[in-house]
Amino acid sequence: MNVIGEILRNRASFSPDLEALVFGDQRYTYQQYNEQVNQLANYFIELGIQKGDRITTLCKNSPQFAFIMMATIKVGAIFVPLNWRLKPQELKGMILDSKPKILFYDEEFSASLTQSNEWYFLSKKIAVCHGLKVLPSFQSQWMSYSTEEPHVQVYEDDPAIIISTSGTTGTPKGVVLSHKNIIATGIGCALASDPHYGDRFLIMTPFFHISGVIILINSIYFATTLVILTSFDSSKILDTIEAERVATMMTVPPILIYLLPELAKTEKDLSSLRQIACGGTTVPESLIRQYDLLGYPILHGYGATEVAGAIHFWVPSMGLDKSHSVGKPIMYVQTKIVHPKTREELPTGEVGEIAITGPQVFAGYWKKPEETQKVLKDGWFLTGDAGRKDENGFLYVIDRYKDIIICGGENIYPAEVESVVSQIDEVAEVALVGIPDPIWGEMPCACVVKKAEAHVTEEMILDECKEKLANYKVTKVLFVNELPKNAYGKVVKPLLREQLAQGNVQQ
Numbered sequence: 001m002n003v004i005g006e007i008l009r010n011r012a013s014f015s016p017d018l019e020a021l022v023f024g025d026q027r028y029t030y031q032q033y034n035e036q037v038n039q040l041a042n043y044f045i046e047l048g049i050q051k052g053d054r055i056t057t058l059c060k061n062s063p064q065f066a067f068i069m070m071a072t073i074k075v076g077a078i079f080v081p082l083n084w085r086l087k088p089q090e091l092k093g094m095i096l097d098s099k100p101k102i103l104f105y106d107e108e109f110s111a112s113l114t115q116s117n118e119w120y121f122l123s124k125k126i127a128v129c130h131g132l133k134v135l136p137s138f139q140s141q142w143m144s145y146s147t148e149e150p151h152v153q154v155y156e157d158d159p160a161i162i163i164s165t166s167g168t169t170g171t172p173k174g175v176v177l178s179h180k181n182i183i184a185t186g187i188g189c190a191l192a193s194d195p196h197y198g199d200r201f202l203i204m205t206p207f208f209h210i211s212g213v214i215i216l217i218n219s220i221y222f223a224t225t226l227v228i229l230t231s232f233d234s235s236k237i238l239d240t241i242e243a244e245r246v247a248t249m250m251t252v253p254p255i256l257i258y259l260l261p262e263l264a265k266t267e268k269d270l271s272s273l274r275q276i277a278c279g280g281t282t283v284p285e286s287l288i289r290q291y292d293l294l295g296y297p298i299l300h301g302y303g304a305t306e307v308a309g310a311i312h313f314w315v316p317s318m319g320l321d322k323s324h325s326v327g328k329p330i331m332y333v334q335t336k337i338v339h340p341k342t343r344e345e346l347p348t349g350e351v352g353e354i355a356i357t358g359p360q361v362f363a364g365y366w367k368k369p370e371e372t373q374k375v376l377k378d379g380w381f382l383t384g385d386a387g388r389k390d391e392n393g394f395l396y397v398i399d400r401y402k403d404i405i406i407c408g409g410e411n412i413y414p415a416e417v418e419s420v421v422s423q424i425d426e427v428a429e430v431a432l433v434g435i436p437d438p439i440w441g442e443m444p445c446a447c448v449v450k451k452a453e454a455h456v457t458e459e460m461i462l463d464e465c466k467e468k469l470a471n472y473k474v475t476k477v478l479f480v481n482e483l484p485k486n487a488y489g490k491v492v493k494p495l496l497r498e499q500l501a502q503g504n505v506q507q
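No gaps in the numbering here: position 395 of the sequence shown is 395 in the UniProt record's numbering, and each next residue is one more.
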């Protein structure tokens, strides 16, 4: 394979004047990018950072995030990006778990980082940005250091990054990813999305997710320019696409939903936009078709942090009739469907657990060997997701096994019902959960958040479901103000079930 730091060194050598990073009025070529990374890396060495040490960030998207990540990786240390949406107590737990030597943070998060005597391992806390402005105190610490490459021997199996899983229960687990894991997924994802030299790639989703890390590295590998936003704003997105001549945009389904009306009526010149990459959760087929009609093809994928991101992709050339699948595996990956208990491979068409193997599969969870053993079997990662494959090898993700509802002996897959309900115009969000029932075991209840000023009723939703699904798949609709979510934006269904049982759901 290679190591991540070498990718940047090579790109700076081959394409020194190509623009690498764009963020407001900050613009860096690949040569400038690599030089800043090297200065920061040599500063780390001066501070005594050694291979295997951890360096943490609590920062929003910015070029400085990329500098810190790449410098950490170049000196053989392990980069640990923290989710800035987490609460102080959650952050404290993750910091105590990873024990970083240096913690970089944006000033707006300083209140979340009250240092205690427990943080004996932390030698430096360094503020990076104030809003969109880089703090002079951040740069002054390392800008005088050499731009020469740091002399540290790094290998492809060395750990590069620890990223927390977005688990819907309990404390997130730290996924340890090697250089090989990340590069393998990066190459596969990039080949699936067909980047062109010099393309401009717009990202607004957080860098602390695995998708953000992969995009940061892919942009280097395939010589594209990364155009960075810190948040979602439809006007800002369209302005940026036009001004920067963006070719590809990375986003998530909720943003696509809110952006659609703006795209449909805009008079801006968006002719440069060749495609939209989407991930995080299932993309409704109806949304894919609506964007396709406007001339903006969507490609979407499936994966997990434990395999360094997306490892299956559906692309428009596979046919819109297959857009409800997650397509085919990327380079180096094999997937199969196994029985959730026996682990035997199942015949085509049968529903079972999705298992993944390839160089993308992680080594394990940070300091959690027992948790690791539960999901790694003979080189295969057991995802906990229910899925099936058709006769042409297309993969269909049905649901998380732990979310399946059993009603009168029948398996109900919430994602199937949620897909139908979410396509109703006046529905903003939906989550299907099982309510205990003395006769049927569980009864499926759709918890629905309406769009503003919507007039949709329970009867209207049930009628729509009965038209497209078996009657037993949804028997009750409950309108709620909001769905409980974790810091990664995923609905916490165990908490939702608990709220329903206690009558604590706000309606």
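All C-beta atoms, glycine included, are put in the ideal place defined by N, C-alpha and C.
CA-to-CA distance, residue j to residue i, given in whole angstroms
i	j	result
alanine 428	lysine 451	5 Å
lysine 265	leucine 273	16 Å
lysine 101	phenylalanine 121	6 Å
tyrosine 145	serine 234	40 Å
residue 522	isoleucine 406	Since the first and last residues shown for the chain are 1 and 507, residue 522 lies out of range.
isoleucine 412	methionine 204	35 Å
serine 325	alanine 386	13 Å
glutamine 139	glutamate 371	40 Å
glutamate 458	valine 433	16 Å
aspartate 53	proline 444	48 Å
threonine 169	glutamate 149	Confidence at threonine 169 is low in this model, with a pLDDT of 46, below 50, so the placement of that residue is unreliable and no value is reported for it.
aspartate 425	leucine 21	38 Å
aspartate 269	alanine 431	37 Å
alanine 247	glutamine 373	42 Å
isoleucine 214	isoleucine 182	7 Å
isoleucine 78	glycine 5	13 Å
glycine 303	alanine 184	13 Å
leucine 496	lysine 368	27 Å
isoleucine 311	proline 359	11 Å
aspartate 463	phenylalanine 104	53 Å
lysine 377	alanine 363	12 Å
Check whether residue i and residue j have beta carbons under 9 Å apart
i	j	result
alanine 71	leucine 40	yes
leucine 299	glutamine 275	yes
aspartate 194	lysine 180	no
glycine 379	valine 361	yes
phenylalanine 313	isoleucine 330	yes
alanine 446	valine 421	yes
isoleucine 337	lysine 389	yes
valine 152	isoleucine 68	no
lysine 476	isoleucine 439	no
histidine 130	aspartate 97	no
cysteine 189	glycine 309	yes
isoleucine 257	isoleucine 7	no
aspartate 399	glutamate 410	no
valine 456	asparagine 481	no
methionine 250	isoleucine 237	no
Alpha helix (DSSP H) segment containing residue i, residue limits
i	result
serine 422	414-422
alanine 190	179-193
serine 65	Here residue 65 turns out to be phenylalanine, not serine, going by the sequence shown. Unbroken alpha helix (DSSP H) run through phenylalanine 65: 63-74.
Three-state class that DSSP yields for residue i in the structure shown
i	result
phenylalanine 138	helix
alanine 247	coil
tyrosine 145	coil
threonine 281	coil
tyrosine 332	coil
threonine 168	The predicted model places threonine 168 with a pLDDT of 45, which falls under 50 and marks its position as unreliable, so this point remains unresolved.
residue 517	No information on residue 517 is available, as it lies outside the stretch 1 to 507 that the chain covers here.
aspartate 437	strand
glutamine 50	coil
glutamine 360	coil
phenylalanine 479	strand
leucine 395	strand
glutamate 345	strand
tryptophan 84	coil
glycine 489	coil
tyrosine 302	strand
Opening and closing residue of the beta strand (DSSP E) in which residue i lies
i	result
serine 404	The sequence as given places isoleucine at residue 404; serine does not occur at that position. From DSSP, isoleucine 404 is part of no beta strand (DSSP E); its letter is neither H nor E.
aspartate 157	Run containing aspartate 157: none; DSSP gives neither H nor E here.
cysteine 445	441-450
arginine 388	380-389
threonine 29	26-29
valine 22	19-23
tyrosine 105	102-105
Spell out a yes or no on whether the stretch 19-27 and the stretch 42-52 are touching, meaning 3 or more CB-CB pairs, one atom from each, closer than 8 Å.
Touching, no.
Tell me whether the stretch 169-183 and the stretch 227-247 touch, counting them as touching only if at least three CB pairs, one residue from each stretch, are closer than 8 Å.
Output reads no: the stretch 227-247 does not touch the stretch 169-183.
Contact between the stretch 57-68 and the stretch 81-93 (3+ Cβ pairs under 8 Å):
As far as the Cβ criterion goes, the stretch 57-68 touches the stretch 81-93, which means the pair count is three or higher.
Are at least three pairs of beta-carbons, each pair with one atom in the stretch 460-469 and one in the stretch 411-425, less than 8 Å apart?
Judged by Cβ distances under 8 Å, the stretch 460-469 makes contact with the stretch 411-425, as three or more pairs qualify.
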